[in-house]
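Sequential numbering from 37 applies to the sequence shown in this note's numbering.
The beta-carbon is built from N, C-alpha and C at its ideal position, and this holds for glycine as well.
Presented below is the structure to which this report refers.
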Amino acid sequence: EKVNKAGAVFDRKKLEWMNFEYLKKMDTQDLVNLLKPILVDKEYDICAEYITQVVDLFRERVHFVHEFAEIADYMFVKPTEFEEKYAAKHWKEDTVELMKPLIEIYKNDDNFEHEHMYEITKEYVENKEIKFKQIIHPIRLMITGKSAGAGMFETMEVLGKEECIERFESYINNL
């Protein structure tokens, strides 16, 4: 009596949302254990502690476990490709001159926590009397190669000082 004769509807968007909600609530260690084999298949040699940090950083940006390796690929390997439209829009003639002194500030600072990185970057921008976007977008480009991702300073903290400096210098030297 209460059974509908029409066929069932498969709603992909609802499935993605449900899985997203499930992943958000899932125990971090269980999620790390699910992600490890995917990373091993991609030949990423990463310790569990680092994977945990990446999971915490991207947990609310993925709908399925395999998306960690796709969306956050730059957390496991240095980017070799950079979004051309993003670069064309945000990399200007004076960007290198703006970035070099900031990179030196990062090099000489022992505190690489994201709050501190944000504050020294904000101070640098204010002192130079430029807009924050003139710095943050080139930073994102050099570090990730992508136009979107997790919080930039949180990403830098997880990657670590040495890796970030190496990516900055590699990008600038290979322009």
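Return the chain-ordered list of same chain residues with a C-beta closer than 7 angstroms to the C-beta of residue i, the five sequence neighbours on each side being excluded.
i      : result
LEU71  : ILE87, VAL91, VAL101, PHE104
LYS60  : ARG95, GLU96
VAL132 : ILE208
Leaving out five residues on either side along the sequence, give the residues of the same chain with a beta carbon under 8 angstroms from the beta carbon of residue i.
i      : result
GLU205 : ILE139
PHE189 : HIS150, GLU151, MET153, TYR154, THR157
Just to confirm the assignment, what range does the alpha helix (DSSP H) spanning residue i have?
i      : result
THR157 : 150–164
PRO213 : Past the boundaries of the shown model lies residue 213; the chain is included only from 37 to 211, so the question cannot be answered.
ASN55  : 48–61
Should residue i and residue j be called a contact, given that it needs their Cβ atoms to be closer than 9 angstroms?
i      : j      : result
PHE94  : ALA186 : yes
TYR142 : CYS83  : no
THR191 : ILE172 : no
Would you kindly work out how many angstroms separate the C-alpha atoms of residue i and residue j, rounded to a whole number?
i      : j      : result
ILE107 : ASN163 : 34 angstroms
HIS152 : ASP66  : 31 angstroms
TYR122 : ALA184 : 10 angstroms
ASP77  : THR180 : 21 angstroms
GLN89  : ASP63  : 13 angstroms
GLN170 : PRO115 : 21 angstroms
GLU129 : ASP146 : 30 angstroms
Taking only three categories from DSSP, how would you classify residue i?
i      : result
LYS114 : coil
HIS126 : helix
TYR80  : coil
SER206 : helix
HIS99  : coil
CB-CB under 6 angstroms to residue i, same chain, minus the five flanking residues each way: which ones, in chain order?
i     : result
TYR80 : PHE112
Please find out if some non-hydrogen atom of the ligand SAM comes closer than 8 angstroms to the beta-carbon of residue i.
i      : result
ARG203 : Ligands displayed in this structure: none; no statement on the ligand SAM is therefore possible.
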